[in-house]
Amino acid sequence: MRTATILVHDPAITEAPPPGTLIAGRYTCAADYQVRRPRGTHDWLITVTHAGAGRYRHAAAACECHAGDVVVLAPGTPHDYATADDRWEFSWAHFTPRPGWSSWLSLPATAPGLHHQHSSGSAWQRIEGAITRLVHDSQRGGVLHEELALNALEELLILLSRRAAQADRQLDPRVAATLERLGASLADPLSVAALASAVATSPSRLAHLFRAQVGEPITRMHLKLRMRHAARLLELTPRSIGEIAGEVGFSSAFYFARQFRAWYGQSPTAYRRSARERAGAPGHPLASAD
């Protein structure tokens with residue numbers, strides 16, 4: 179990964195990169211770093227602060243960023259951001275969203291066109307991991323690395339959207355903890371009793387709370403997370419169907435294939451083939467056996 183120390187002495191208007199491509203990086207900036215774009219950019223901009231401090235000025239608000247802070251700027255949003263102290267270490271990405279991302283970008287506005295969110299603990303670890311992979315893969319070149327970078331960006335936007343939704347509806351801590359456990363243990367057998375014990379409540383109470391706040395039963399959410407992870411492995415790795423089945427908790431590749439077809443409407447092999455065609459890399463050596 180390239181980490182640059184940036185010195186900017188001229189506070190004049192900063193040129194934006196051309197829209198339509200994913201461009202990302204990680205900077206360690208000195209005290210006089212500043213970017214000014216009175217008319218914003220034609221694409222979206224996201225910054226994730228790792229250390230030090232930065233600040234954003236907006237016509238309607240101002241905010242300061244420290245480790246764990248994420249700022250998302252919509253196209254056309256005037257902005258002025260800079261190092262707030264003597265050092266600011268942050269990752270950034272300019273991007274044009276894919277059609278299916280619109281709901282994840284409907285984030286609550288701190289100011290018009292600006293979303294500011296803070297994360298800590300395991301949530302921050304996931305966000306920092308996603309932006310780190312995004313930057314790394316975006317700089318390696320090639321269709322497959324571009325797809326990996328876009329997948330990391332998609333994960334980042336989903337994480338931000340989920341945290342914003344949880345804050346908005348004040349998700350019960352027991353439900354939030356259960357969601358974290360489900361995502362961290364995809365290969366483990368599902369036990370509602372064990373999940374309930376971990377959050378010090380009864381299985382029936384947890385099941386009721388979970389369905390009321392998430393909108394679906396624990397068992398279905400667990401299956402959804404397993405299928406999503408399996409789909410990503412099919413898209414991005416050459417691993418066999420049996421290996422992927424085992425990673426998401428299925429001892430039988432045949433039963434996994436049946437569940438996958440019921441979920442996505444096609445077999446794992448057909449899904450992988452379609453994903454390869456979408457990526458424009460027909461020569462990639464993906465496995466083809468169900």
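In short: position in the sequence shown from 1, add 178, done, that's this note's numbering. We treat Cβ as the ideally placed atom computed from N, Cα and C, and that holds for glycine.
Close beta carbons around Arg-389, own chain, < 7 angstroms, minus the five adjacent residues each side: Result list for Arg-389: Pro-395, in chain order.
Using 10 angstroms around the beta-carbon of Arg-450, count the other beta-carbons present and answer buried if the total reaches 16, otherwise exposed. Buried, because 16 or more other Cβ atoms sit within 10 Å of the Cβ of Arg-450.
Quick one: grab the DSSP three-state call for Ala-362. Three-state DSSP puts Ala-362 in a helix.
Pull up the distance between the alpha-carbon of Ala-240 and that of Cys-207, whole angstroms please. For Ala-240 and Cys-207, the distance between alpha carbons rounds to 20 angstroms.
Distance between beta carbons of Val-249 and Leu-285, contact taken as under 8 angstroms: Between Val-249 and Leu-285 the Cβ distance is about 11 angstroms, and since that is not below 8 angstroms, they are no contact.
Whole-angstrom C-beta distance between Ala-385 and Arg-359, which should lie under 8 angstroms: Wrong, their Cβ atoms sit about 14 angstroms apart, outside the cutoff.
Residues bridged to Tyr-234 (per DSSP): Answer is Cys-241 and Tyr-259, bridged to Tyr-234.
What are the start and end residues of the alpha helix (DSSP H) that includes Gly-307? Bounds of the alpha helix (DSSP H) holding Gly-307 are 299 to 316.
Applying the criterion that 16 or more other CB atoms from any shown protein chain within 10 Å of the CB defines a buried residue, is Gly-443 buried or exposed? Exposed: under 16 other Cβ atoms inside 10 Å.
From the DSSP output, which residues share a beta bridge with Thr-227? Looking at the DSSP output, Thr-227 shares a beta bridge with Phe-268.
Could you tell me which residues DSSP puts in a beta bridge with Ala-289? Partner(s): Leu-292.
Check whether the stretch 258 to 271 touches the stretch 301 to 317, taking contact to mean three or more Cβ pairs, one atom from each stretch, closer than 8 angstroms. Contact holds: three or more Cβ-Cβ distances are below 8 angstroms.
Which whole-angstrom value describes the C-beta separation of Val-426 and Arg-410, a residue pair presumed to lie in contact below a C-beta threshold of 8 angstroms? About 10 angstroms separates the Cβ atoms of Val-426 and Arg-410, ruling out a contact at the 8 angstroms cut-off.
Taking the alpha carbon of His-296 as the point to measure from, which residue in Ala-209, Tyr-211 and Cys-243 has its own alpha carbon closest? For His-296, the closest alpha carbon among the candidates Ala-209, Tyr-211 and Cys-243 is that of Cys-243.
Can you give me the C-alpha to C-alpha distance between Gly-232 and Gln-303, rounded to a whole angstrom? Rounded to whole angstroms, Gly-232 to Gln-303 spans 20 angstroms at the Cα level.
Chain-order list of residues whose beta-carbon lies under 6 angstroms from that of Phe-438 (same chain, five-residue window excluded): Closer than 6 angstroms at the Cβ level, and outside the excluded window around Phe-438, lie Pro-446.
Measure the C-alpha to C-alpha separation of Gly-203 and Asp-315 and round it to an integer number of angstroms. Straight-line Cα distance between these residues: approximately 10 angstroms.
For Trp-282 versus Leu-335, is the C-beta distance shorter than 8 angstroms? Their beta carbons are under 8 angstroms apart, which means Trp-282 touches Leu-335 by this criterion.
Are the CB atoms of Val-353 and Val-392 nearer to each other than 8 angstroms? Yes, Cβ-Cβ distance for Val-353 and Val-392 is below 8 angstroms.
With the cut-off set at 8 angstroms, would you say Ala-431 and Gly-420 are in Cβ contact? Cβ atoms of Ala-431 and Gly-420: closer than 8 angstroms.
7 angstroms Cβ shell around Ala-381 - same chain, five flanking residues per side excluded: Strictly speaking, residue 381 in this sequence is Pro, with Ala absent from that position. Apart from the 5 residues on each side of it in sequence, Pro-381 sits with its Cβ closer than 7 angstroms to the Cβ of Val-370, Ala-371 and Ala-374 in its chain, given in chain order.
Can you tell me whether Gln-212 is buried or exposed, with buried defined as 16 or more other CB within 10 angstroms of its CB? Buried.
For Trp-441, the residue or residues it bridges with in DSSP: The partner list for Trp-441 (beta bridge, DSSP) is empty, contrary to what the question assumes.
Within 10 angstroms of its Cβ, does Arg-454 collect 16 or more other Cβ (buried), or is it exposed? With 16 or more other Cβ atoms from the protein chains shown falling within 10 Å of its own Cβ, Arg-454 counts as buried.
Could you tell me whether the Cβ atoms of Asp-264 and Ala-229 are closer together than 8 angstroms? No; because the gap between Cβ atoms is not below 8 angstroms, this pair is not in contact.
Nearest by alpha-carbon distance to Pro-216: which of Trp-222, His-236 and Thr-227 is it? Out of Trp-222, His-236 and Thr-227, His-236 has the C-alpha closest to the C-alpha of Pro-216.
If you follow the beta strand (DSSP E) that Gln-212 is part of, which residue opens it and which one closes it? Membership of Gln-212 in the beta strand (DSSP E) is indicated by the continuous run 212 to 215.
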